[in-house]
Each structure stands twice: as structure tokens, then as C-alpha cells.
Amino acid sequence: MTFQNTHSFALQLDAADPLRAFRERFHIPAGPNGQPAIYCCGNSLGLLPKNARAAVEQEFRSWEERAVEGHFHGTSPWMHYHETLTDATARVVGAKPLEVVVMNNLTTNLHLLLISFYRPAGKRYKVLMEGGAFPSDQYALESQVKLHGYAPDDAIVELVPRPGEHTLRTQDIEARIAELGEELALVLLGGVNYYTGQAFDMAAITRAGHAAGAVVGFDLAHAAGNLVLHLHDWDVDFACWCTYKYLNSGPGGTSGVFVHERFAHQPDLPRLAGWWGHDPADRFQMKKGFRPMPGAAGWQLSNGQIFPMAIHRAALAVVEEAGGMPALRSKSEQLTGYLAFVLREAGLPANELEIITPENPAERGCQLSVLVHREGRALFDYLAAQGIVADWREPNVIRLAPVPLYNSFEEVWRIGQAFAQWANRSAR
Ligand SMILES: *Cc1c(COP(=O)(O)O)cnc(C)c1O
């Protein structure tokens, strides 16, 4: 589509947007002038879906009226509450229901999965990661390799872009995997890099990892609810994600886990065990001897966190009602494409402002990362004063993520106007 940098064109796109009504389903915070903010921070914390409060209220009522009986009675007995999330979760990540479970928090789940899937032996002990991965992932891997007696500097291999480039080329990732060969135990990448917004070719990376005899996992914090994923078909071994970013399920919300079907019936696969992962047929007999449930459910430790799950369930219902990930993605490609267009139109020269996120829509999701070579922090503050909520990443990147469920083309146009005003004001 050819875009135009005009208010009327943006309004036309909004009028033609099948998801336009979904904006009303979210609480949008007010900006400094009292008008709704232009919220482009869904990559960090998604907005509150209006249906979440009633979902939580229902569980308060159950607790209030039934107390312990709430585990077994009511509209959604807590004993089985996590199961009510399974089908929608499987659809969000392209998995079979057996392959997913919702539990805990992201970094906790990453550790649980690494216990099972980082099994270094002999000369095969290295882990391939993105250089500058999200700090929690770096710390998790660092501690895991130490747990096995290796030095992080030796065991963790980092991928870095070619000189003068900001993102990784798939062919370079594949080449590094092949080169590490028999030394490679695990490939662990983000599905979308949190800093650059680059979406990786997970199918190709998984193929390359498997060809080298390694296990392949993804942290989908920035990919779940953002991209159309096919974890099962891509043959990914394991993955985990948080639900508070593009899945709008609240601060510190619950997390999702994927374990490929081929591991579903391997009770002897090493893991950390807890009663909620045990065969439910005799879970309450409290007997010795852990027997994991088949599939991802066999990695559960504790009984479900009902309140975060209630929010997640409400948020997933909104995604489903909107037509699921293909519908979201279809608008998202256009919305982010329009953002890239209006930013280019703003008239800031490349030596001042550079979009480091790949230009190819297949290599990115919602987010554009804008590298500002001069006065970046001042520009960020200027945007904030205009009611544009973005986020700032040291040393000089502004991340903007227009989200298909609640952002409009008009908002994106207004972001472009703010950048253009900044360009003129700093014509200086
Ligand atoms: C957001 C994010 C996290 C956060 O981890 P929590 O355990 O949810 O605090 C971890 N890793 C990545 C890649 C992230 O983007």
C-alpha cells in the first residue's frame, strides 16, 4: 500500500480497520493535557482490558462465598483453572494444547526449562545467545552454566551484528551454529529482540540448531501476542513468554510455557518437580514417587495463581474475539509500516535519526527502535510532553510499539507530526 502523510489518510485507514472498535475495550491512561495518551509501550506493559476487573471480581466472590470449596465448586473451580487457558494459549503460539501450560513468571519458567533442556555433556556444553540479550536471560544462562561447573565466558557464545550493522543476519546465525557444531548444547534466542525489535527466523534457526545436534529454545517475551507463531510446526524444542507485554495480562502477570510434543511422554526427562505437575489421578493421595503429567503440564510446581490467571483469561478472550493472531498481525504490519513511513517523512537526517529495526515486515513485529544520534533524551522528553508514551533504552534508543488492539492510524500520524515538529524546532 502507498501511504500518505495526512490526517485524512490516517482517518481513512482507521475507518477501514476491522479492529478499530477494540480500542474501546481497554483503559487508556491520560496524557499531560488530560486527553488520552498515545500509548506505544505495549512492548513493556500492555493496557488494562476492561473485562479483567469482572474476571478478578468473580474469583474474589468465589473466595468470599466458598473459601476452600472454591477449589472444587463455582463457575471455574480453581483446581482446574489453568486448564481454561490452554486452548487459547495454544492458538496464540501455534502449539497443540498438550504442548503448553500457564504458570509462574517468565524467568522462573526459563530456569525450569533450562534444567530439562540444557544438559551439557562431554564437549557439547556451549550455549549460543544474542549479544546484549535481555539481562534476565543473560543472568539466567550465566547461573545455569555455572550450576553445571562451566565458566560463562567459555560456555556462553554471543552473536553480534556485522560491523556497521544493528541486527543479525539469519545466514550468520546459521553459520555460527554450524561452526560450533558438536560443542553446541543449546541455542537460546529471543523470538523478537527486545532492543532492536528484530524478529528472528525461528524455523530456520531451529533447523540449523537441530542439524548441529543442539536443543533450540526461544524466549518469546516480545513475540507472544505480537507475531503469528507456529512453534509446533517449526519444531522448536521449548519456549516461554510473559503475558504482561503484548498479551495485556497485568504487571508481573503469569507466564506461558511450550514444550514440544516429542517430550510429552518422557517422564524420565530431568526436571524440578512439584505436586501440580504430578498425575492428577493420585495427586491428593500424597504418596511418594513423582509421576509427571504428560506434556508441558508436567513441569508445573505449584497450584495455580488464580488472580493473575483470571486477568490473563480475560485478556486472551479479547485476542480471540478480535480474530486471533492472524487478524492482529495483519493490522500490525500496516500500523508499524505506517509508523516507519511517517518517521521517514519527519525530515530528520539519517545522521540524527535511524530506525535500527529491520525494514522487512517479516523481520519485525509491532516495535520500531529509533536510534537518536543527538539529543535523544531531549527528544524522548519532548514526545512525553506531547502525550506520547514510548520508552527509552540507554544509551540512545527510543522504542515505539503501536499495538493493533488499541492503537490507531491517527495516533501514528500524530507521532509523525511530533517528530516533524521536533525536526523543525531543531532546525536550530
Ligand atoms: C520482559 C522480559 C523479561 C522479564 O522477565 P520476568 O521474569 O517477567 O521479570 C525477560 N526476558 C525478556 C527477553 C524480556 O523481554
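Take -3 as the starting number for the sequence shown in this note's numbering and just add one per residue.
Glycine residues also receive a C-beta, built at the ideal position from the N, C-alpha and C atoms.
Identity of the residues DSSP links to residue i by a beta bridge
i      : result
Ala380 : Paired residue(s): none; Ala380 is not in a bridge.
Arg325 : Answer is none; Arg325 lacks a bridge partner.
Cys37  : Ala397
Gly272 : The question names Gly, yet the displayed sequence has Trp at residue 272. Paired residue(s): none; Trp272 is not in a bridge.
Val385 : Tyr35
Pro447 : As displayed, the chain neither begins before -3 nor continues past 424, which places residue 447 out of reach and without an answer.
Gly186 : Asp215
Ser365 : Arg395
Leu180 : Lys122
Arg360 : Gln194
Simplified DSSP assignment, three categories, for residue i
i       : result
Met282  : coil
Leu108  : helix
Val156  : coil
His69   : coil
Glu161  : coil
Glu126  : strand
Ile352  : coil
Ser132  : helix
Arg370  : coil
Phe(-1) : coil
Leu265  : coil
Pro288  : strand
Ser298  : coil
Gly145  : coil
Tyr334  : helix
Gly412  : helix
Arg318  : Looking at the sequence shown, residue 318 is not Arg but Ala. Looking at Ala318 - three-state DSSP - the assignment turns out to be coil, as it is neither helix nor strand.
Pro304  : helix
Asp13   : coil
Ser139  : helix
Ala419  : helix
Same chain, Cβ closer than 7 angstroms to residue i, neighbours up to 5 away in sequence not counted
i      : result
Leu176 : Lys122, Leu124, Val153 and Ala208
Ile384 : Ile34, Cys36, Ile411 and Ala414
Pro354 : Thr163, Gln194 and Arg360
Asp10  : Arg16, Ser404, Phe405 and Glu406
Pro148 : Glu138, Val141 and Lys142
Leu81  : Val98, Met305, His308, Arg309 and Leu312
Ala381 : Pro28
Tyr378 : Trp418
Alpha carbon of residue i to alpha carbon of residue j, nearest angstrom
i       : j      : result
Phe68   : Trp59  : 12 angstroms
Pro159  : Glu126 : 15 angstroms
Tyr191  : Gly333 : 18 angstroms
Gly343  : Cys238 : 37 angstroms
Trp74   : His256 : 26 angstroms
Cys116  : Ala200 : Reading the sequence as shown, one finds Pro at residue 116 and not Cys. If you take the alpha carbons of Pro116 and Ala200, they lie about 23 angstroms apart.
Gln301  : Phe337 : 43 angstroms
His369  : Pro93  : 46 angstroms
Phe5    : Leu335 : 13 angstroms
Val393  : Ala26  : 24 angstroms
Ala293  : Trp409 : 45 angstroms
Gly186  : Arg62  : 42 angstroms
Val52   : Ala419 : 46 angstroms
Ser298  : Val98  : 11 angstroms
Ala269  : Ile111 : 11 angstroms
Val315  : Arg21  : 11 angstroms
Phe(-1) : Leu396 : 19 angstroms
Gly221  : Ala210 : 27 angstroms
Leu225  : Arg325 : 10 angstroms
Val188  : Gln281 : 43 angstroms
Pro345  : Ala374 : 17 angstroms
Pro32   : Arg87  : 32 angstroms
Gly249  : Val183 : 26 angstroms
Ala260  : Met289 : 8 angstroms
Asp83   : Thr104 : 22 angstroms
Asn47   : Asp13  : 22 angstroms
His107  : Ala50  : 33 angstroms
Phe234  : Asp387 : 29 angstroms
Leu265  : Gln330 : 43 angstroms
Residues near residue i by beta carbon distance below 8 angstroms, same chain, minus five either side
i      : result
Leu41  : Tyr240, Lys241 and Pro247
Ala174 : Ala204, Ala207 and Ala208
Pro263 : Arg287, Pro288 and Gly294
Same chain only: Cβ atoms within 6 angstroms of residue i, ignoring 5 sequence neighbours per side
i      : result
Val399 : Gly38 and Cys362
Asp133 : Asp215
Ala91  : Leu227, His228 and Phe254
Ser471 : This structure cannot speak to residue 471, because the chain is shown only from -3 to 424.
Phe18  : Ala318 and Leu401
Residue i beta carbon near ligand 2 (any heavy atom closer than 6 angstroms)
i      : result
Asp133 : Ligand 2 is absent from the structure shown, which contains only ligand 1.
ask   = At which residue ranges does the segment 192 to 262 contain complete alpha helix (DSSP H) runs of 4 or more residues, listed in the order of the chain?
value = 198 to 207 and 227 to 230
task = List in chain order: all unbroken alpha helix (DSSP H) runs of 4+ residues lying wholly within the segment 72 to 116.
result = 82 to 89 and 102 to 113
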